[in-house]
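Right, one structure below, let's go through it.
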Amino acid sequence: MTHRLTAPAPGWTATTDVVVVGSGVAGLTAALGVRQAGLRVTVVTKAMLDDGSTRWAQGGIAAALGEGDTPEQHLDDTLVAGAGVCDEAAVRALVTEGPDAVRRLIAKGAAFDTDPAGEILLTREGGHHRRRIVHAGGDATGAEISRALVAAVRSDPGLELVEHALVLDLLTDAEGHAAGLTLHVMGEGQRDGVGAIRAKAVVLATGGMGQVFEATTNPPVSTGDGVALALRAGAEAADLEFVQFHPTVLWLGPEAEGQQPLVSEAVRGEGAYLVDAAGTRFMVGQHELNELAPRDIVTKAITRQMQLQGTDHMYLDGRHFGAEMWAERFPTILASCLAHGIDPVTDLIPIAPAAHHASGGVRTDLHGRTSVPGLYACGEVACTGVHGANRLASNSLLEGLVFAERIAADLTERHQAGELPERSVDVAAARAARTVPLPAPEARAAVQHLMSRGAGVLRSAASMAQAAAGLAALERAAAEQSSEQKPADPRVETWEAANLLLVATALVAAAEQRAETRGCHWREDYPERDDAQWRRHLITTLDADGIRISKEH
Ligand code: SIN
1 MTHRLTAPAP GWTATTDVVV VGSGVAGLTA ALGVRQAGLR VTVVTKAMLD
51 DGSTRWAQGG IAAALGEGDT PEQHLDDTLV AGAGVCDEAA VRALVTEGPD
101 AVRRLIAKGA AFDTDPAGEI LLTREGGHHR RRIVHAGGDA TGAEISRALV
151 AAVRSDPGLE LVEHALVLDL LTDAEGHAAG LTLHVMGEGQ RDGVGAIRAK
201 AVVLATGGMG QVFEATTNPP VSTGDGVALA LRAGAEAADL EFVQFHPTVL
251 WLGPEAEGQQ PLVSEAVRGE GAYLVDAAGT RFMVGQHELN ELAPRDIVTK
301 AITRQMQLQG TDHMYLDGRH FGAEMWAERF PTILASCLAH GIDPVTDLIP
351 IAPAAHHASG GVRTDLHGRT SVPGLYACGE VACTGVHGAN RLASNSLLEG
401 LVFAERIAAD LTERHQAGEL PERSVDVAAA RAARTVPLPA PEARAAVQHL
451 MSRGAGVLRS AASMAQAAAG LAALERAAAE QSSEQKPADP RVETWEAANL
501 LLVATALVAA AEQRAETRGC HWREDYPERD DAQWRRHLIT TLDADGIRIS
551 KEH
């Protein structure tokens, strides 16, 4: 049983070979790779081409490029951070193909920071036992990667762009193979409103779902659209319970909501300390890497300190860097601190954890294929198995690069073998799909509130039961309004609210099932890791009765 959003019938149709949804590092790398095979590619992006979530990345890309470093050491650090549920074959692909993928990115024009001799500079972040993080513009790595890839995309006249477009649902053919998608374009001219793009394959690279929480480092467009679309299309998702909360997000007060400024882990990598209001370093003695312990451990330590001391933030102390280092090495963070009245040269930086990265997502194999034929996923929307229960810092841009290249290779091979024929859309199947009632736009804030209270950094059966009940009430209200012929208007705000409600419901269902603490899934009522029961993935699907969670064996 598949599902679809309530939406008007498409008013226009376009045709391409491969449609790529998303303009971050994963989407643009996949698009450029597929173009090399001579296939027509259409890139659909929710905002502007240069506005993908990649541009917010500060720290960098992890790859074993330094002297004495090896993919094997990068693998070890990734597996330790992932807390026992990484898929080792996926991690091996990541770390062994990573260094060359970074070199290919440089060949596409990305300029990383180098020393006076031209050698790439490497920094450290949490969980890495070596300096292994490539960065650009000090702390503007994502912006530089985005600039280089956008320039490459713009210089290819064979690559079509559809900006300001929210994807709605997958289209399939009679065999259930992806055959394109429906979307809503907020534009003017020929492609305005709801339309359809027919394609031989679809690549999802829509980014994350941080907006299910009140405070997140993710931009407002990160509403889980790709995971929601894939679930409605019958695809499997995995590891949704593993949401990474970044330990050091600039604390802007108890009421701060929406996208919050990140203070990169690289600041700690270069020697800043975590301290409480009295100046005491509380990470010392908690882990051999102190402030550079894996991210889940640091987030938990900060949260415990906040609970113990009855406060809602801690501090980062980088005053010893001095003005010159702040300006040269961390210009973005310096500017955002100054914009909020904090001078890191003289002041402690107030920080608190906020939702940052979904380690889970649409389940893929090593070629980026999902469980729906012809539907691929890469980047944060995907669950390749690389991150396990806690993503190692700066592994996500690398994952986007490596697995997008793998998708391009797979599509190229299928195309060359004549296995990528034109697809005709199965109109009857599209009509038969169960329609998801649309919640009112206000549901977005309600979802965020419920999720932050019930399924945030620290969770319990009781807190999640409250969240689940609230989410179910929102779903019932949408269904009742629909049946009373007073449905919410099909428009971007209500589609986004429907996506947020679906992914939040799936996330809570998975988190309720996982009765242990592992990686970034921290349960007050099950404080221990339980390998015998839970060293496995949880698979999420959507069927006629709603969200279904099963254990992978
Ligand atoms: C950071 O710069 O701290 C974020 C990097 C990441 O999330 O990998």
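With this note's numbering, letter number 523 in the sequence shown gets 523, and the count goes up by one each step, no holes.
Glycine included, each C-beta is placed from N, C-alpha and C at the ideal position.
Below 8 Å between beta carbons: does that hold for I333 and S264?
The residue you call residue 333 lines up with position 333 of the sequence shown. The residue you call residue 264 lines up with position 264 of the sequence shown. In this structure, S264 lies closer than 8 Å to I333 by Cβ.
So G226 is in the alpha helix (DSSP H); what residue range does that whole segment cover?
For this step, residue 226 is matched to residue 226 along the sequence shown. Its alpha helix (DSSP H) spans residues D225 to R232.
Sequence-distant residues of its chain with Cβ nearer than 7 Å to L75 (five each side left out)
Reading the sequence shown from its first residue, position 75 is the one you call residue 75. Shown here for L75: same chain residues with a beta carbon closer than 7 Å to its own, the five before and five after excluded, namely V91, R92 and V95 in chain order.
Given this structure, state the Cα-to-Cα distance separating G401 from V102, to the nearest angstrom.
Locating residue 401 in the sequence shown gives position 401, where the first residue counts as 1. Locating residue 102 in the sequence shown gives position 102, where the first residue counts as 1. Per the sequence presented here, residue 401 reads as Leu, with Gly not at that position. Their Cα atoms are separated by approximately 8 Å.
Over the uninterrupted beta strand (DSSP E) stretch that includes L170, give me the two end residues.
For the purposes of this step, residue 170 is taken as residue 170 along the sequence shown, with counting starting at 1. Here the beta strand (DSSP E) through L170 covers A165 to T172.
List the DSSP bridge partners of M314.
The residue you call residue 314 lines up with position 314 of the sequence shown. Answer is I351.
Residue nearest to G187 in terms of C-alpha spacing, selected from V203, H164 and G519
Stepping through the sequence shown from its first residue, residue 187 is reached at position 187. Residue H164 is the option with its Cα nearest to G187.
Extent of the continuous alpha helix (DSSP H) run through K300:
Locating residue 300 in the sequence shown gives position 300, where the first residue counts as 1. Run containing K300: R295 to Q309, per the alpha helix (DSSP H) assignment.
Can you tell me which of G22, W56, E270 and L240 puts its alpha carbon nearest to the alpha carbon of A506?
Residue numbering aside, residue 506 sits at position 506 when the sequence shown is read from its first letter. Of the listed residues, the one whose Cα sits closest to A506 is L240.
Indicate, with yes or no, if the ligand SIN has a heavy atom lying under 7 Å from the CB of E67.
Within the sequence shown, numbered from 1, the residue matching residue 67 stands at position 67. Checking every heavy atom of the ligand SIN against the Cβ of E67, none is found closer than 7 Å.
I'd like to check one pair, V194 with G22: are the Cβ atoms closer than 8 Å?
The sequence position of residue 22 within the sequence shown is 22, counting from 1. The sequence position of residue 194 within the sequence shown is 194, counting from 1. Not a contact, by the Cβ cut-off of 8 Å.
Outcome for I61 when other beta-carbon atoms lying within 10 angstroms are tallied against a minimum of 16:
The residue given as residue 61 occupies position 61 in the sequence shown. By the 10 Å Cβ count, I61 comes out buried.
Is it true that the CB of L204 sits closer than 8 Å to the CB of V425?
Within the sequence shown, numbered from 1, the residue matching residue 425 stands at position 425. Within the sequence shown, numbered from 1, the residue matching residue 204 stands at position 204. For V425 and L204, no; Cβs fall outside 8 Å.
For Q58, verify whether its CB is less than 7 Å away from any heavy atom of the ligand SIN.
Mapped onto the sequence shown, residue 58 falls at position 58. Checking the Cβ of Q58 against the ligand SIN gives yes.
In the DSSP assignment, find the alpha helix (DSSP H) that holds I197 and state where it starts and stops.
Residue mapping note: residue 197 aligns to position 197 of the sequence shown, counting from 1. Counting along the chain, I197 falls outside any alpha helix (DSSP H), though it belongs to the beta strand (DSSP E) covering G193 to R198.
L347 versus A277: straight-line alpha-carbon distance, rounded:
Translated into the one-based positions of the sequence shown, residue 347 becomes position 347. Translated into the one-based positions of the sequence shown, residue 277 becomes position 277. Strictly speaking, residue 347 in this sequence is Asp, with Leu absent from that position. The straight-line gap from Cα to Cα measures roughly 12 Å.
With distances taken Cα to Cα, identify the nearest neighbour of E144 among A174, A179 and D51.
Locating residue 144 in the sequence shown gives position 144, where the first residue counts as 1. The alpha carbon of E144 has as its nearest neighbour, out of A174, A179 and D51, the alpha carbon of D51.
Taking just the CA atoms, how far does E528 sit from R518?
On the sequence shown, residue 518 is found 518 positions in, with the first residue counted as 1. On the sequence shown, residue 528 is found 528 positions in, with the first residue counted as 1. The straight-line gap from Cα to Cα measures roughly 8 Å.
Any non-hydrogen atom of the ligand SIN closer than 7 Å to H128 Cβ:
Taking the sequence shown and counting its residues from 1, one reaches residue 128 at position 128. False, no ligand heavy atom lies under 7 Å from that Cβ.
G33 classed as buried or exposed, judged by whether at least 16 other C-beta atoms fall within 10 angstroms:
On the sequence shown, position 33 is the one that residue 33 refers to. Its Cβ being crowded by 16 or more others within 10 Å, G33 is buried.
For a test of the three-state rule: what should DSSP assign to W251, helix, strand or coil?
Position 251 of the sequence shown holds residue 251. W251 falls in the coil class under three-state DSSP.
CB-CB under 7 Å to V503, same chain, minus the five flanking residues each way: which ones, in chain order?
In the sequence shown, the residue the question calls residue 503 occupies position 503. Answer for V503: M209, V212, G224, V227 and A228, listed in chain order.
Name the DSSP beta bridge partners of R281, please?
The sequence position of residue 281 within the sequence shown is 281, counting from 1. Answer is V275.
If you drop the 5 nearest sequence neighbours on each side, which residues of the same chain put their C-beta closer than 6 Å to that of A26?
Position 26 of the sequence shown, counted from the first residue, corresponds to residue 26. Cβ within range, chain order: A205, C378, G379, G400 and A404.
In the DSSP assignment, what are the bridge partners of H415?
Residue 415 sits at position 415 when you count from the first residue of the sequence shown. H415 pairs with nothing; no bridge assigned.
Please confirm whether any heavy atom of the ligand SIN lies closer than 7 Å to the CB of H246.
Working through the sequence shown from its first residue, we reach residue 246 at position 246. Yes, since a heavy atom of the ligand SIN falls inside the 7 Å radius drawn around the Cβ of H246.
Between T45 and the rest of its own chain, which residues show a CB-CB distance below 6 Å, the 5 nearest in sequence each way excluded?
Taking the first residue of the sequence shown as 1, we reach residue 45 at position 45. S23 and E163, listed in sequence order.
Would you say T172 reaches chain D, if we count a Cβ-Cβ gap shorter than 8 Å as a contact?
Included in the structure is just one protein chain, with no chain D present.
Using 8 Å as the cut-off, can you tell me whether the stretch 355-363 makes contact with the stretch 381-399, which would need three or more C-beta pairs spanning the two stretches below that distance?
yes
Under the three-state DSSP convention, the category S208 falls into
Translated into positions along the sequence shown, residue 208 becomes position 208. A small fix is needed here, since residue 208 is Gly in this sequence, not Ser. Looking at G208 - three-state DSSP - the assignment turns out to be coil, as it is neither helix nor strand.
Return the chain-ordered ranges of every alpha helix (DSSP H) run that is complete within the stretch 65-144 and spans a minimum of 4 residues.
71-81 and 88-107
CB-CB length for E214 against S452, believed under 8 Å
Taking the sequence shown and counting its residues from 1, one reaches residue 214 at position 214. Taking the sequence shown and counting its residues from 1, one reaches residue 452 at position 452. So it is a contact: roughly 4 Å between Cβ atoms.
With hydrogens ignored, establish whether the beta-carbon of E144 is closer than 7 Å to any heavy atom of the ligand SIN.
Counted from its first residue, the sequence shown places residue 144 at position 144. No.
What residue range does the alpha helix (DSSP H) around E160 cover?
Residue 160 sits at position 160 when you count from the first residue of the sequence shown. Note, E160: premise wrong, no alpha helix (DSSP H); beta strand (DSSP E) at L159 to V162.
Mind checking whether R406 and L366 have CB atoms under 8 Å apart?
For the purposes of this step, residue 406 is taken as the residue at position 406 of the sequence shown. For the purposes of this step, residue 366 is taken as the residue at position 366 of the sequence shown. Contact flag set, yes.
Within the stretch 401-477, ranges of the beta strand (DSSP E) (whole runs, at least 3 residues)
As far as the stretch 401-477 is concerned, its whole beta strand (DSSP E) runs of at least 3 residues are 434-436.
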